[in-house]
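Note sheet for the following structure.
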């Protein structure tokens, strides 16, 4: 492979062992490893973080390794955004992989090809290895999505330079251009999550990337056959391991078929809107709870209950 890889790790030893093995098989020429610092309130986390960093840098192939290891904990949103900024201070393009994402071998080759092919097509904002509709699908082609998933992805410095983590103009989501493409449920879902991020309730960075794609009328290249899955049942936002593991599809990179032009796949976009519509009533209810100042309390209670349940019945 040709592309540099940014590997984002923290405190998950088993997940890091498994995901690092996929990187080792791909043998990128440059590996950037970024790790947030341990939390002072969590006993023994510093030793765990040290062990993870050792695993993530145990390179046994010809590879330049660069590290960004934090001593203090910055939190998911800040740590990841700073890490991606650092990556693109040094690289014009590259692949980004979190420690709980397990890609197929074809993922790295797919990203290599797409980064080169769409380098000068500014409408393409990112390349994704994940397609929730591509489980058990056999296909050697890809499509242009209006959604964004950070479960193994790639992009260019030129696209990332437009990313903003805070102080987003929410009115842009109400523009005629956005409304002509995105279903109301998708717009409202993104707005709600951006609002709770701004309120400090949700510590993440990826909805801001989707916001950028939406307001810039962008597309994301995604394989028709799913190439990644998530094993992060203990992740920053996962409270159980249900519906986490997505099945792979099958793709032959040597027989890759390129679409004749950049245009929306209406069938798969409609499936995406159906997912947003299914969650729409829940979003409206959560929004009401936020206005009543009950959402933070109930969300915290839910987390405690789920942690107890997992500890007792796992």
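Residue numbers (this note's numbering): 207 to 520.
The beta-carbon is built from N, C-alpha and C at its ideal position, and this holds for glycine as well.
Leaving out five residues before and five after residue i in sequence, what residues of the same chain have Cβ atoms less than 7 Å from its Cβ?
i, result
"residue 290", "212, 302 and 366"
"residue 312", "433, 457 and 459"
Measure the C-alpha to C-alpha separation of residue i and residue j and round it to an integer number of angstroms.
i, j, result
"residue 370", "residue 288", "12 Å"
"residue 411", "residue 269", "29 Å"
"residue 246", "residue 258", "17 Å"
"residue 479", "residue 455", "22 Å"
"residue 374", "residue 266", "43 Å"
"residue 275", "residue 253", "14 Å"
"residue 360", "residue 333", "5 Å"
"residue 421", "residue 240", "29 Å"
"residue 394", "residue 215", "31 Å"
"residue 222", "residue 424", "32 Å"
"residue 404", "residue 358", "25 Å"
"residue 330", "residue 243", "33 Å"
"residue 279", "residue 342", "39 Å"
"residue 390", "residue 469", "21 Å"
"residue 149", "residue 387", "With the chain represented from 207 up to 520, any question about residue 149 goes unanswered, as that position is not in the structure."
"residue 225", "residue 309", "8 Å"
"residue 436", "residue 236", "24 Å"
"residue 316", "residue 481", "26 Å"
"residue 321", "residue 295", "17 Å"
"residue 285", "residue 264", "22 Å"
"residue 277", "residue 251", "12 Å"
State buried or exposed for residue i, treating a residue as buried only when at least 16 other CB atoms are found within 10 Å of its CB.
i, result
"residue 475", "buried"
"residue 406", "exposed"
"residue 484", "exposed"
"residue 256", "exposed"
"residue 328", "exposed"
"residue 399", "buried"
"residue 466", "exposed"
"residue 227", "exposed"
"residue 446", "Low confidence applies here, because residue 446 scores a pLDDT of 38, under 50, leaving its location unreliable and the question unanswered by this model."
Let me know the secondary structure DSSP gives residue i once reduced to three states.
i, result
"residue 405", "coil"
"residue 356", "coil"
"residue 470", "strand"
"residue 267", "coil"
"residue 329", "coil"
"residue 361", "strand"
"residue 313", "helix"
"residue 425", "strand"
"residue 377", "helix"
"residue 455", "coil"
"residue 481", "helix"
"residue 240", "strand"
"residue 345", "coil"
"residue 300", "strand"
"residue 222", "helix"
Please return the same chain residues whose Cβ sits closer than 6 Å to the Cβ of residue i, not counting the five positions on each side in sequence.
i, result
"residue 249", "none"
"residue 354", "415, 416, 419 and 426"
"residue 238", "212, 272 and 293"
"residue 402", "408"
"residue 347", "430 and 463"
"residue 535", "No answer is possible for residue 535: the residues shown for the chain start at 207 and end at 520."
"residue 281", "409"
"residue 297", "210"
"residue 232", "207 and 314"
"residue 356", "412"
For residue i, collect the residues of the same chain with a Cβ closer than 8 Å to its Cβ; drop the 5 residues on either side in sequence, then sort them by chain order.
i, result
"residue 323", "464"
"residue 234", "207, 209, 210, 211, 269, 301 and 314"
"residue 438", "218, 221, 304, 305, 306, 307, 444 and 450"
"residue 345", "429, 430, 431, 455, 456 and 457"
"residue 397", "376 and 379"
"residue 262", "213, 215, 222, 226, 239, 241 and 305"
"residue 453", "341, 342, 432 and 435"
Is there a Cβ of chain B sitting closer than 8 Å to that of residue i, yes or no?
i, result
"residue 207", "Chain labels in this structure do not include chain B; a single protein chain is all it has."
Touch test, the stretch 344-351 against the stretch 469-484, Cβ-Cβ under 8 Å, three pairs minimum | Taking a cut-off of 8 Å on C-beta distances, the stretch 344-351 touches the stretch 469-484, as three or more cross pairs fall below it.
At least 3 beta-carbon pairs within less than 8 Å: the stretch 331-345 vs the stretch 381-389 = Segment contact: the stretch 331-345 against the stretch 381-389, fewer than three CB-CB distances shorter than 8 Å; contact not assigned.
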